[in-house]
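Written out below as structure tokens is the structure these notes cover.
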Amino acid sequence: MPELPEVETIRRDLEPLVAGRRITGVEVDPATIHLLAGAPIETLRANLVGRTVTAIGRRGKYLMFSLDDGRVFVVHLRMTGRLVWRPHDAPAEQFQRAVIELDNGYDLRWADLRKFGTWRLHESVAEVVGKLGPEPIDDSLTLKEFRARLANRTAPVKAVLLDQRRFAGLGNIYVDEALYEARIRPDTPARKVSPAATKRLFASSRSVLERGIENRGASFKDYVDGQGEKGSQHMHVQVFRRTGKPCYRCGSTIQRTVVGGRATHFCPRCQPKARVKAAPVG
Numbered sequence: 022m023p024e025l026p027e028v029e030t031i032r033r034d035l036e037p038l039v040a041g042r043r044i045t046g047v048e049v050d051p052a053t054i055h056l057l058a059g060a061p062i063e064t065l066r067a068n069l070v071g072r073t074v075t076a077i078g079r080r081g082k083y084l085m086f087s088l089d090d091g092r093v094f095v096v097h098l099r100m101t102g103r104l105v106w107r108p109h110d111a112p113a114e115q116f117q118r119a120v121i122e123l124d125n126g127y128d129l130r131w132a133d134l135r136k137f138g139t140w141r142l143h144e145s146v147a148e149v150v151g152k153l154g155p156e157p158i159d160d161s162l163t164l165k166e167f168r169a170r171l172a173n174r175t176a177p178v179k180a181v182l183l184d185q186r187r188f189a190g191l192g193n194i195y196v197d198e199a200l201y202e203a204r205i206r207p208d209t210p211a212r213k214v215s216p217a218a219t220k221r222l223f224a225s226s227r228s229v230l231e232r233g234i235e236n237r238g239a240s241f242k243d244y245v246d247g248q249g250e251k252g253s254q255h256m257h258v259q260v261f262r263r264t265g266k267p268c269y270r271c272g273s274t275i276q277r278t279v280v281g282g283r284a285t286h287f288c289p290r291c292q293p294k295a296r297v298k299a300a301p302v303g
């Protein structure tokens, strides 16, 4: 599933190409329209055709196309969604479901193997981001606030980090990597993470996302950037999808488990179980 680095890479690719362009047509596979847009094709066309994209933003895992009428067209890639820039006469993408035609001879092509991705039109950005927590790469997020969002939570620390209401943009790949870098076992209750480990996690949550952006995202399977090219972050992971392979740090075998319903990868030596203090006697 594309996470913050993948969506930010697509945004950076598309923003200079699409900002200032007018939408001249919209085509959607009839079998996909209600899953993708949640509205009839006539409604989608009426809302988009003739509108100019003024900017492309991102919040968490959402791409946000600001339109000249003040509304925001929001794209969520979900698990297998792709959004790529192509000339009008380019061959169709594999699993292509929809096309947004622009006034300069180019398209935004939407492909989605599993058809979980969504397009939605909102009156304002606040309708989209109001329920999202801060992003770990946001300079305004302090260690104090980061610690407060983990405090008193009995859920596993991994589950808390995946909760977009707590922290926006983190997903399975980068949470596993951040916890490994911080030397925290993923199933540790969030409230049991020590102050020192929380400080390490605060730093690692930011650094893994920044590296993911630098490497243009992780292309384990479906993800491609705005030009249809693969990223390289999957070549630099430490634990994610490395089950049975040696830890680069200590040589122990990387293990796989399930935390919060998600496949989870960790090193049993570098990420030991949290110590439980013995109850006082008497």
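If you count by the numbering used here, then the sequence shown holds residues 22 to 303, one letter each, in order.
Beta carbons: idealized from backbone N, C-alpha and C, even for Gly.
- Secondary structure at S87: strand, using DSSP grouped into helix, strand and coil.
- Within the region 163-251, the runs of alpha helix (DSSP H) that reach at least 4 residues and sit entirely inside it are, in chain order, 164-171, 178-183, 193-203, 216-235.
- Scanning its chain for C-beta atoms nearer than 7 Å, with the 5 sequence neighbours on each side dropped, one finds around R206 the residues F287, Q292, P293, K294, A295, in chain order.
- In the DSSP assignment, T75 falls within the unbroken beta strand (DSSP E) covering 74-80.
- Excluding its 5 nearest sequence neighbours in each direction, A147 has no C-beta neighbour in its own chain below 6 Å.
- Beta-carbon to beta-carbon, E24 and I194 are separated by about 6 Å, close enough to satisfy the 8 Å threshold.
- Taking every protein chain shown into account, the CB of R32 has 16 or more other CB atoms within 10 angstroms, so this residue is buried.
- Burial state of G272 is exposed, judged by a 10 Å Cβ sphere holding fewer than 16 other Cβ atoms.
- Setting aside the 5 residues that flank it on each side, K266 is surrounded in the same chain by T274, I275, each with a C-beta closer than 8 Å to its C-beta; the list follows chain order.
- A straight-line Cα-Cα distance of about 18 Å links R227 and S215.
- Counting along the chain, D128 sits inside no alpha helix (DSSP H); it lies in the beta strand (DSSP E) bounded by residues 127-133.
- Your pair G238 and K82 does not check out as a contact, with CB atoms roughly 12 Å apart and the cut at 8 Å.
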